[in-house]
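Asker:
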Amino acid sequence: MSHSLPSRRRFLALAAGAPAAAALLSACGATTGPVAQPGGSVPDRYAGRTRTVLWSTFADVPGRALQDLADTFNRQQRDIYVDVQFQGTYDECAQKAVVGLLAGQAPDLCVLSDVKWYRFYFGDALEPWDEYIDPGELRATYNARLLAEGRVKGRHWWLPLARSTPLFYYNRTLFQKAGVPDRAPETWEEMYGWAKEITRLKTQGKRVAMEAYQKIDGDWQFQCTAWQWGGAYSRGMDVTIDHDATVAAGEWQRKLVHKDRIAYMSTDPAGDMGNQLIATLITSTGGLRKISEMAKAGGWELGTGFLPRHKEFGVTTGGGGLGMFKRVPKERKQAAAEFVRFLARPENAAQWTVQTGYLPVVPAATKSPALAGLLKKDPNFSTAVRQLPHTRKGDQVRMMVPNANVQIYTGLQKIWTGNTPARQAFSEVATRLRKGVDRHRQSIEEHL
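Residues -29 to -1, 1 to 419 (mature numbering (1 follows the signal peptide of the UniProt record, and there is no 0)) make up the sequence shown, in order.
Given below as C-alpha cells:
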C-alpha cells in the first residue's frame, strides 16, 4: 500500500470514521510501522525525559483542569513529560488522528468520545489497555459501569475520563419568582404545567423560554427523550427511530417550539441558561462548573435534578475517554500508562471532578476531602452521582454506525427550526441509517 497522504475523497471517508476507513488505517499500520510523535518539545527544566503527547478536546474550564493535572504530574516525577495539545472538538480530534495515523504520526494518548472510539476499534487501530495496566487494577480503580462501556471481548480499549450524563438544570430564582416548586419536575407533563407561569417572566426585556435544544450533538439529549417516550433510535442493529414512540417524542418537542413557543434551538444553550433566557436546560454533567460560575456571576441560584420521565425514566451516558493507538512505540505506551495511573489516583480524579463537574470515574475519589466536601456543600454536584446507577448505554446504531449521530441531529434540526413533522424527519433519517447498517453490519458484528 502507498504511504502517501489520502486523496480528498478518501480523507472525507476516513474523517467520518467508517469501519471501512478504519480498516484502511489497520492496513496502513501493517506496512508503515511505528508512528512518530506530533511536533513539540520538552522544556529545558524537564530535559532527558520521555515525552508523552496527549491530544485533548477540552477547552475553557476542563482544559485548564487537565493542564493543571499534567503540570502536577510533570513536577512530581523525573522520567516523563506530558505535553497536552488541544485539538478542538471530539470530531475534529478524531479526524486529525485518522489523518495522522495515515501519515505515520499520532499522539500517545487521545481523548475520544463515546461514539468516536468505536471507529478506531473497528479498524484495529487501538491498543488494549490490559497490555500496560493489569485488568485487575483497572477493575479495582474505575467505576464498573463506566469501565464496561470501553470493554469489548474481555479487553479494555477506552478508559473513563470525562464521563457524563445529561442533567436537568433549572434556575431556582426564576422558579421561585414564578411560584412553582423549587425542584426538578418529576414528569414532562408536570414541567409543561409549570411553563405557563415561568414563561410569563422576562429577563433583559425578553420573555423567558422554558428550554433550549442543542443545535450540534442534540441527538445525545434526545436519546433520553426517545427512551422516556418508550422509543429508541435502534434495537440492536435494527433502526427504530421512525417508530411511533420516538416519533411521538419528536412531536412533543415540535409542539413546544412551534405551537406553544416556549422552546427553541440554540447554538449555545448553556450560555442562554447563564443569561437567564431559559429557565431549564438538559445538558452534560461536564457543564456544571461553568454553569455554576455563570449563575454566581449573574446573581441567580442554580438547581439540578434527574431528568423528567414520561412513560418511563431514561438517561444515557456520554463524554470522553482515553484511547492509545497500537502503532505507538512501546516506551511511549508505557509512559502514557503511567500518566493514566496518575489521573486515576483518587485525589487527582477528585480534583478533576471538583474543577469540571464531570462524573467521578474513580469511586474512591468521592472519599477525597475536596470532593467529599463539595458533594456535601453543593448538592448539585451529587446529582449526577446519584443518577448514574439509573443510566444505560446509548443505542447501538447511534454509537457504531458512521455519522449516525450527525444524521440524527440533522433530522432534529429540521423539527426544531423548520417545523418538519417528526414522522417525516425521522423517516428520512431512518432511511439513511438503514443504508449505513447494511454497509457496516458485518464489520461491526465481527468486532463485537
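Backbone N, C-alpha and C define an ideal beta-carbon position, used for all residues, glycine too.
The model shown is predicted, which means the values in this text are computed figures rather than measured ones.
In whole angstroms, what separates the C-alpha of N319 from that of K364?
Answerer: Numbered from 1 along the sequence shown, position 348 holds the residue referred to as residue 319. Numbered from 1 along the sequence shown, position 393 holds the residue referred to as residue 364. Cα-Cα distance, rounded: 26 Å.
Asker: Considering only C-alpha positions, which residue in the set E157, T43, R298 and A166 is nearest to V228?
Answerer: The count along the sequence shown starts at 1 and reaches residue 228 at position 257. V228 has its Cα closest to that of A166, out of E157, T43, R298 and A166.
Asker: Does the distance from the CB of Y329 to the CB of T402 come in under 8 Å?
Answerer: On the sequence shown, position 358 is the one that residue 329 refers to. On the sequence shown, position 431 is the one that residue 402 refers to. Not closer than 8 Å, so no.
Asker: Please state the DSSP three-state secondary structure of E108.
Answerer: Numbered from its first residue, the sequence shown carries residue 108 at position 137. Under the three-state reduction of DSSP output, E108 falls in the helix class.
Asker: Going by beta carbon distance, what residues of the same chain come within less than 6 Å of T136, once the five residues before and after it are set aside?
Answerer: The residue given as residue 136 occupies position 165 in the sequence shown. Excluding residues within five positions, the ones whose Cβ falls inside 6 Å are T256, V286, T288, A355, Q358 and T362.
Asker: State the Cα-Cα distance for the pair I233 and Y163, rounded to the nearest angstrom.
Answerer: If you number the sequence shown from 1, residue 233 lands on position 262. If you number the sequence shown from 1, residue 163 lands on position 192. C-alpha separation (whole angstroms): 10 Å.
Asker: What is the C-beta distance between residue 447 and W271, in whole angstroms, given that I count them as a contact (C-beta under 8 Å)?
Answerer: Any question about residue 447 goes unanswered here, given that the chain covers just -29 to 419.
Asker: Report back the beta-carbon spacing between A36 and T327 to the nearest angstrom; my notes put them in contact at under 8 Å.
Answerer: Here residue 36 refers to the residue found at position 65 when the sequence shown is read from its first residue. Here residue 327 refers to the residue found at position 356 when the sequence shown is read from its first residue. Confirmed, Cβ separation roughly 5 Å.
Asker: Please name the residue or residues paired with I187 in a DSSP beta bridge.
Answerer: By one-based count along the sequence shown, residue 187 stands at place 216. DSSP lists no partner for I187.
Asker: Would A241 and T254 qualify as a contact pair, given that the criterion is a beta-carbon distance under 8 Å?
Answerer: Here residue 241 refers to the residue found at position 270 when the sequence shown is read from its first residue. Here residue 254 refers to the residue found at position 283 when the sequence shown is read from its first residue. The answer is yes: Cβ separation under 8 Å.
Asker: With distances taken from CA atoms, which of A341, V311, R312 and F313 is nearest T324?
Answerer: Counted from its first residue, the sequence shown places residue 324 at position 353. Among A341, V311, R312 and F313, the Cα nearest to that of T324 is on A341.
Asker: Bridge partners for P137 per DSSP, in chain order?
Answerer: Mapped onto the sequence shown, residue 137 falls at position 166. P137 is bridged to S255.
Asker: By the three-class DSSP mapping on this structure, what secondary structure does D85 have?
Answerer: Locating residue 85 in the sequence shown gives position 114, counting from the first residue. The answer is coil: DSSP assigns D85 none of H, G, I, E or B.
Asker: Pull up the distance between the alpha-carbon of D409 and that of R110, whole angstroms please.
Answerer: In the sequence shown, residue 409 corresponds to position 438, counting from 1. In the sequence shown, residue 110 corresponds to position 139, counting from 1. Those two C-alpha atoms are separated by around 35 Å.
Asker: Measuring CA to CA, which of V372, G382, P78 and R412 is closest to R90?
Answerer: Along the sequence shown, read from residue 1 onward, the residue named residue 90 stands at position 119. Looking at the Cα atoms, V372 is the closest of the given residues.
Asker: Does the beta-carbon distance from V6 to R298 come in below 8 Å?
Answerer: Counting from one through the sequence shown, the residue named residue 6 turns up at place 35. Counting from one through the sequence shown, the residue named residue 298 turns up at place 327. Yes.
Asker: Measuring CB atoms only, is the region 380 to 387 touching the region 170 to 189, in the sense that at least three cross pairs come out at less than 8 Å?
Answerer: yes
Asker: Whole-angstrom Cβ separation of A393 and E222, contact assumed at under 8 Å?
Answerer: The residue given as residue 393 occupies position 422 in the sequence shown. The residue given as residue 222 occupies position 251 in the sequence shown. Yes, they are in contact, since the Cβ atoms of A393 and E222 sit about 5 Å apart, within 8 Å.
Asker: If I follow the unbroken beta strand (DSSP E) through Y235, where does it start and stop?
Answerer: Numbered from 1 along the sequence shown, position 264 holds the residue referred to as residue 235. A234 to S237 is the span of the beta strand (DSSP E), which, as asked, contains Y235.
Asker: With 16 other CB atoms within 10 Å as the buried threshold, where does L419 fall?
Answerer: By one-based count along the sequence shown, residue 419 stands at place 448. Burial call: exposed.
Asker: For R357, name the three-state secondary structure that DSSP assigns.
Answerer: As a working mapping, residue 357 is identified with position 386 in the sequence shown. Note: R357 maps to helix in three-state DSSP.
Asker: By alpha-carbon positions, which one of L293, L117 and N390 ends up nearest to P99?
Answerer: By 1-based counting over the sequence shown, the position of residue 99 is 128. That would be L293, whose Cα lies nearest to the Cα of P99.
Asker: Kindly indicate which residue of Y61, P156 and R122 has the alpha-carbon position closest to the one of P279.
Answerer: The residue labelled residue 279 in the question sits at position 308 within the sequence shown. Comparing Cα-Cα distances from P279 to each of Y61, P156 and R122, the minimum goes to P156.
Asker: Between the Cα of D215 and the Cα atoms of F397, T112, Q38 and D243, which residue gives the shortest distance?
Answerer: The sequence position of residue 215 within the sequence shown is 244, counting from 1. For D215, the nearest C-alpha among the options comes from F397.
Asker: Can you tell me whether E416 is buried or exposed? The criterion is at least 16 other CB atoms within 10 Å of its CB, across all chains shown.
Answerer: One-based indexing of the sequence shown puts residue 416 at position 445. Exposed.
Asker: Please report the distance separating the alpha-carbon of Y380 from that of S12.
Answerer: Counting from one through the sequence shown, the residue named residue 380 turns up at place 409. Counting from one through the sequence shown, the residue named residue 12 turns up at place 41. Cα to Cα, Y380 sits roughly 40 Å from S12.
Asker: Is DSSP giving H127 helix, strand or coil here?
Answerer: If you number the sequence shown from 1, residue 127 lands on position 156. Secondary structure at H127: strand, using DSSP grouped into helix, strand and coil.
Asker: Would DSSP call A268 helix, strand or coil?
Answerer: Against the sequence shown, residue 268 aligns to sequence position 297. Note: A268 maps to helix in three-state DSSP.
Asker: Determine the contact status of S205 and R22, defining contact as a CB-CB distance below 8 Å.
Answerer: Counted from its first residue, the sequence shown places residue 205 at position 234. Counted from its first residue, the sequence shown places residue 22 at position 51. No, these two residues do not count as a Cβ contact at 8 Å.
Asker: According to DSSP, what are the bridge partners of T287?
Answerer: The residue you call residue 287 lines up with position 316 of the sequence shown. Answer is R363.
Asker: Go to W387, then tell me how far its alpha helix (DSSP H) extends in each direction, as first and last residue.
Answerer: Numbered from 1 along the sequence shown, position 416 holds the residue referred to as residue 387. A375 to G389 is the span of the alpha helix (DSSP H), which, as asked, contains W387.
Asker: Quick one: Cα of A(-9) to Cα of H411, how far?
Answerer: Position 21 of the sequence shown holds residue -9. Position 440 of the sequence shown holds residue 411. Only weak support is given to the placement of A(-9): the predicted model assigns it a pLDDT of 48, under 50, and the value that follows is read from those uncertain coordinates. So the two alpha carbons sit approximately 11 Å from each other.
Asker: Pick out whichever of R134, D105, D101 and E108 has its Cα sitting closest to the Cα of R116.
Answerer: Against the sequence shown, residue 116 aligns to sequence position 145. Measuring from the Cα of R116, the nearest candidate turns out to be R134.
Asker: Mind checking whether Y25 and V55 have CB atoms under 8 Å apart?
Answerer: Locating residue 25 in the sequence shown gives position 54, where the first residue counts as 1. Locating residue 55 in the sequence shown gives position 84, where the first residue counts as 1. In the sequence under discussion, the amino acid at residue 25 is Leu, which differs from the Tyr named in the question. Yes. Within cutoff.
Asker: Looking only at its chain, what residues have a beta carbon closer than 7 Å to the beta carbon of F313, apart from the 5 residues adjacent to it on each side?
Answerer: One-based indexing of the sequence shown puts residue 313 at position 342. Result list for F313: F44 and N319, in chain order.
Asker: Output the distance between the C-alpha atoms of P(-24) and M295, rounded to the nearest integer angstrom.
Answerer: As a first step, residue -24 is located in the sequence shown; it is residue number 6 there, counting from the start. As a first step, residue 295 is located in the sequence shown; it is residue number 324 there, counting from the start. With a pLDDT of 39 at P(-24), under the threshold of 50, the modelled position of that residue is not reliable, and the figure given next carries that caveat. Between P(-24) and M295, the C-alpha separation is close to 23 Å.
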